[in-house]
Amino acid sequence: MNFSEVFKLSSLLCKFSPDGKYLASCVQYRLVVRDANTLQIRQLYTCLDQIQHIEWSADSLFILCALYKRGLVQVWSLEQPEWHCKIDEGSAGLVASCWSPDGRHILNTTEFHLRITVWSLCTKSVSYIKYPKACQQGITFTRDGRYLALAERRDCKDYVSILVCSDWQLLRHFDTDTQDLAGIEWAPNGCVLAAWDSCLEYKILLYSLDGRLLSTFCAYEWSLGIKSVAWSPSSQFLAVGSYDGKVRILNHVTWKMITEFGHPATINNPKIVVYKEAEKSPPLVLGRLAFPPPRAAAGPLSSTESKYEVASVPVSLQTLKPAPDRANPRIGIGALAFSPDSCFLATRSDSVPTAVWIWDIQKLRLLAALEQLSAVRCFQWDPRQARLAICTGGSKVYLWSPAGCVSVQVPGEGDFQVLSLCWHLSGDSLALLSKDHFCLCFLETEQGVGTAFGQRGDHT
Amino acid sequence: MGDWMTVTDPGLSSESKYISQYTSETKMSPSSLYSQQVLCSSIPLSKNVHSFFSAFCTEENIEQSISYLDQELTTFGFPSLYEESKGKETKRELNIVAVLNCMNELLVLQRKNLLAQENVETQNLKLGSDMDHLQNCYAKLKEQLETSRREMIGLQERDRQLQCKNRNLHQLLKNEKDEVQKLQNIIASRATQYNHDMKRKEREYNKLKERLHQLVMNKKDKKIAMEVLNYVGRADGKRGSWRTGKTEASFFLRNEDEMYKILLNDYEYRQKQILMENAELKKVLQQMKKEMISLLSPQKQKPRERADDSTGTVISDTEEDAGELSRESMWDLSCETVREQLTNSIRKQWRILKSHVEKLDNQVSKVHVEGFNDEDVISRQDHEQETEKLELEIQQCKEMIKTQQQLLQQQLATACDDDTTSLLRDCYLLEEKERLKEEWSLFKEQKKNFEKERRSFTEAAIRLGLERKAFEEERASWLKQQFLNMTTFDHQNSENVKLLSAFSGSSDRDNPTVHSRPRQKKPHVPSVY
């Protein structure tokens, strides 16, 4: 594993281009485009104000920079550095901005979700979409980029509009049987749309592409409901995580639940491998080949080394008691992600915030659990293989694969608090983002990775 | 005592008159009436009075009756009726005063007795009535006791039932309370969520209001516009097209078409996947079925005579399957009946297999319990012994192989070092070579000897042949002569013939190796004989 130099970054805005060649990062009002392998600066653009959001177009030719405070969107071209485009929403304000899948239209959501303006970069046309819903996930594009599903609310009722992205025509418009639609998401095959209600009611509805209701699923009534939803990449499974601490998996044939995964605080089954992160007192050189060892200064927890130990069952995990009279309590399944081959599902239960649970979907049971020393902030699967990268806000990045797991210290002076991470599309490198900096971690090829990972019996 | 009414009325004749008189006139208690009656009955009536009295004492037995009475009275303690006797011989005179006194005493006594009797009778009556009364009371009380006992049992039973009900109700109450608590918790969490959302919405509303206010007040409106250096071409390189009414409709239809195409493709793909899975599973089931049949059929050879139903079905199944296998292509169709057939046959086979395994298990357990019962089944001990033996054998063989290998390796190892090994080899081989040489020379000698002998034999054989030839010629001539002379000298001929035969036989024996040549001549000889 090689780590690159540390570069400046602001607002955790660092994104790989969809074709994997470039890496865009923001430093205040500057947009820096680097080569993804050599990290050489290719382009440098300056925006008018601090950038809040950047997004690559699907063909990797353009980058949009959204400046919410100023209500501006600036678009830059990679091929033609002198090309520029500025969209001013003026008094309408701006709360969200995104690309359309063809890379030639920009959808701006104005303040108060009054409307969505579709600006075209090819023609002079502008389209407006009225009454978009201000919810967690109101806009979703199909993977092939043909259709857009949009959540709307009119007259105290929720609706979903399906639009064709090529000409922005309305294909279907139907109402959903929800109290307060919280989110919609297309299945990866683009034929089924999942729509779920807010946490006050457990309800998830499945619609076909042509607007027919295929099925409704409701696990229980009255208690707080759905917290997170994820489709498996093969579109065979839909994982629904709820506030009762369980993940329910629905299958694509009958849309009925095939199993539910509980997240208890103690693990008793000896077949499950539990990795516990433990402090290692003398600092050892671990998995770093090209860098000098860190200074063993009297620093905070993050600078000391840690390793994984295989704990023997029964294992009891640290739980967090949520405040009883607060809204959006810290219980339930906060994060869900399927591996790219749909064989594994990684979950995080907010009442056990330091643990990541990895489920084997082929056998429908818990495969491994990782307990970290601090709360898990973010995890993401490698886009090519079943490898999970986890960060907890410390200066380490953790990698799990079925062969084993490893904890790697990010080198550098001082602390590098990894707040977020992001994989390169080939799975060869990983961008680690902290508050003010970022660095790239290059993972070796298959062979090298094999030696870097320990076996289950090893302590790495 | 007013009983003495008209007792001394002798005039009356009939008893009944008296009695009725008595009964009608007296208004007394039954006891006194009774006593009156008694009195009446005890006092004889006037008519019978005399007769009764006269029965005891008549004019004849006065003295006796007086003495008897005196005796009786004295025994009762009364004074004697006689005067005091002056002398023994004189008759005692009756003391009339004493008699009268005694009579009076007796009357007084009689009265007392009657009174006492009355009292006793009245008491008796009273007691009788008291007893009746008490008995009635007792019976009533017993009844009351019974009823009250029954009531008590009934009340106890009710009490028990009520307690039971009470407990159930308590339990229900507890459950309800728990549920209420749970619902309250849910309501509380929902309420906090609602409040939170409300507050959020209110904040947004306020912001909106402010913005609206701002906009209304603000004269200068910031222009909403997009400025771009130049318009970019479309991603797919096509040009935009005019949107007229017709094209709108065509766009709409085209979109619909595309959408349905996508959906259909997805469904077809999924169906294909499912069909493939189905086909695989069917194959697996079929294989399983075949294997199960093959597993079951050889073991069913013996009990076939017993003609179980199951074996019958096995046979019929195998026959069926033979026919079915030929229609394998039909299996690809997901026909309802075909599917059912397959699953049913699998189930049957599985049941047969299961029963078979159970039988085997039973057999094994029987053997464990009873010992050698079945010839086919080997007891575990034997089996273990056999396995031990085999293991020993295997070990021995292995050891042998090891030693052989070692030796071989040694040999090969020794072959590594060239000089010494070659010398050594030569040493070994020298011996061998020497031996060989010796043997070879021996062989050669022997061979030479044999050759010599052979030659000599052949020469001898040739000589012999020649001699024989000559001899034969001689013999032939001699025979001729003899033959010519045979008619005359028979006796001599026969001897000569014997001699000749003996001679020819011996010559044959001397030359076994030269059989071939004389044999050629032999056929001539017997023809002569």
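Protein sequences appear in the order of chains S and H. The first sequence begins at 1 in UniProt numbering and counts up one residue at a time. The second sequence begins at 1 in UniProt numbering and counts up one residue at a time. Where is the CB? At the ideal position from N, CA and C, for every residue including glycine.
Among the options, the one whose alpha carbon lies nearest that of residue i
| i | options | result |
| --- | --- | --- |
| residue 376 of chain S | S:398, S:434 and S:256 | S:398 |
| residue 158 of chain S | S:143, S:308 and S:184 | S:184 |
| residue 72 of chain H | H:401, H:443, H:340 and H:106 | H:106 |
| residue 349 of chain S | S:317, S:367 and S:380 | S:317 |
| residue 176 of chain S | S:166, S:162 and S:189 | S:162 |
| residue 382 of chain S | S:367, S:400 and S:371 | S:400 |
| residue 406 of chain S | S:439, S:428, S:435 and S:370 | S:370 |
| residue 423 of chain S | S:10, S:18 and S:275 | S:18 |
| residue 434 of chain S | S:366, S:226, S:394 and S:178 | S:394 |
| residue 33 of chain S | S:417, S:16 and S:98 | S:16 |
| residue 36 of chain S | S:21, S:273, S:421 and S:342 | S:21 |
| residue 227 of chain S | S:3, S:334 and S:131 | S:334 |
| residue 541 of chain S | S:60, S:72, S:61 and S:58 | There is no way to answer for residue 541 of chain S, as the model of chain S reaches only from 1 to 460. |
Residue i - DSSP class collapsed to helix/strand/coil
| i | result |
| --- | --- |
| residue 295 of chain S | Any reading at residue 295 of chain S needs caution, since the residue's pLDDT is 38, under 50, leaving its predicted position unreliable; the model's value is listed next. In the structure shown, residue 295 of chain S sits in coil (DSSP, three-state: anything other than H, G, I, E or B). |
| residue 420 of chain S | strand |
| residue 55 of chain S | strand |
| residue 437 of chain S | strand |
| residue 37 of chain S | coil |
| residue 301 of chain H | Model confidence at residue 301 of chain H stands at a pLDDT of 46, short of 50, so the residue's coordinates are unreliable and nothing is read from them. |
| residue 43 of chain S | strand |
| residue 354 of chain S | coil |
| residue 131 of chain S | coil |
| residue 309 of chain S | strand |
| residue 348 of chain H | helix |
| residue 140 of chain H | helix |
| residue 154 of chain S | strand |
| residue 257 of chain S | strand |
| residue 226 of chain H | strand |
| residue 65 of chain S | strand |
| residue 263 of chain S | coil |
| residue 410 of chain S | coil |
| residue 173 of chain S | strand |
| residue 444 of chain S | coil |
| residue 17 of chain S | coil |
| residue 99 of chain S | strand |
Sub-8 angstroms separation of residue i and residue j beta-carbons
| i | j | result |
| --- | --- | --- |
| residue 190 of chain S | residue 154 of chain S | no |
| residue 356 of chain S | residue 379 of chain S | yes |
| residue 429 of chain S | residue 442 of chain S | yes |
| residue 31 of chain S | residue 85 of chain S | no |
| residue 386 of chain S | residue 344 of chain S | yes |
| residue 325 of chain S | residue 192 of chain H | yes |
| residue 182 of chain S | residue 336 of chain S | no |
| residue 373 of chain S | residue 306 of chain S | yes |
| residue 314 of chain S | residue 351 of chain S | no |
| residue 5 of chain S | residue 439 of chain S | yes |
| residue 54 of chain S | residue 41 of chain S | no |
| residue 56 of chain S | residue 87 of chain S | no |
| residue 347 of chain S | residue 247 of chain S | yes |
Checklist entry - How do the region 226 to 233 of chain H and the region 135 to 151 of chain S stand: do at least 3 beta-carbon pairs fall below 8 angstroms, yes or no? => result no
Item to check | Cβ-based contacts, 8 angstroms cut-off: residues of the region 189 to 223 of chain H near chain S | outcome: 189, 190, 192, 193, 194, 195, 196, 197, 204, 207, 208, 211, 215, 218, 221, 222 and 223
Checklist entry - At a cut of 8 angstroms, does the region 258 to 271 of chain S reach the region 198 to 205 of chain S through at least three beta carbon pairs? => result no
Checklist entry - What residues in the region 133 to 166 of chain S bring their beta carbon closer than 7 angstroms to a beta carbon of chain H? => result 164
Item to check | Contact the region 90 to 106 of chain S vs the region 116 to 133 of chain S: 3+ CB pairs below 8 angstroms | outcome: yes
Item to check | Residues from the region 63 to 92 of chain S in contact with chain H, defined by Cβ distance under 7 angstroms | outcome: 83, 84, 85, 86, 87, 88, 89, 90, 91 and 92
Checklist entry - Mind listing which residues of the region 164 to 186 of chain S have their C-beta closer than 7 angstroms to chain H's C-betas, in chain order? => result 164, 167, 169 and 171
Next on the checklist: Under 8 angstroms, with one C-beta from each stretch per pair, do the region 191 to 201 of chain S and the region 209 to 225 of chain S reach the 3-pair mark?
Outcome noted: yes
Item to check | Chain-ordered residues of the region 189 to 213 of chain S with a beta carbon less than 9 angstroms from chain H | outcome: 189, 190, 191, 192, 198, 199, 200, 208, 209 and 210
Checklist entry - Can you list, in chain order, the residues of the region 223 to 234 of chain H whose Cβ is nearer than 8 angstroms to any Cβ on chain S? => result 223, 224, 225, 226, 227, 228, 229, 230, 231, 232, 233 and 234
Checklist entry - Going along the chain, which residues of the region 323 to 335 of chain S sit with their C-beta nearer than 9 angstroms to a C-beta in chain H? => result 324, 325, 326, 327, 328 and 329
Checklist entry - Should the region 93 to 109 of chain H be regarded as contacting the region 72 to 83 of chain H, the criterion being three or more beta carbon pairs within less than 8 angstroms? => result yes
Item to check | Within 7 angstroms of chain H by C-beta, residues of the region 113 to 134 of chain S in sequence order | outcome: 119, 121, 122 and 123
Item to check | Chain-ordered residues of the region 264 to 294 of chain H with a beta carbon less than 7 angstroms from chain S | outcome: 266
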